[in-house]
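S.K.: Dropping the structure in here first, questions after.
Numbering (this note's numbering), first residue to last: 11 to 97.
This is the structure:
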């Protein structure tokens, strides 16, 4: 019964991530959720931002994704670098 619930849970998680415009990265040491830009945004039209005018032009990020927080969940500790030499 628990094995049948896993595909349902994965499908539900994928639907929530897609509807909420989140991008998921799952690695060995962490799970990282980052906001994804909206294609229907009236300000940036799905490009994520715009270029500011001036001699040193920079891209200004749109609020549809830049003002949302990232979420990082550490799963396993990153192995520490040894203090002693290898030989």
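Even glycine gets a Cβ: it sits at the ideal position worked out from N, Cα and C.
With a Cβ-Cβ cutoff of 8 Å, do residue 70 and residue 59 count as a contact?
M.R.: Yes, Cβ-Cβ distance for residue 70 and residue 59 is below 8 Å.
S.K.: The beta strand (DSSP E) spanning residue 32 covers which residue range?
M.R.: Residues 32-36.
S.K.: Would you kindly report the start and end of the unbroken alpha helix (DSSP H) that includes residue 73?
M.R.: First-last of the alpha helix (DSSP H) with residue 73: 73-76.
S.K.: Starting from residue 64 and walking both ways along the beta strand (DSSP E), at which residues does that stretch end?
M.R.: Unbroken run through residue 64: none, as it is neither H nor E.
S.K.: Whole angstroms are fine: how far does the CA of residue 45 sit from the CA of residue 78?
M.R.: When rounded, the distance between both Cα atoms is 6 Å.
S.K.: Whose CA, out of 61, 40, 22, lies closest to the CA of residue 81?
M.R.: Closest by alpha carbon: 40.
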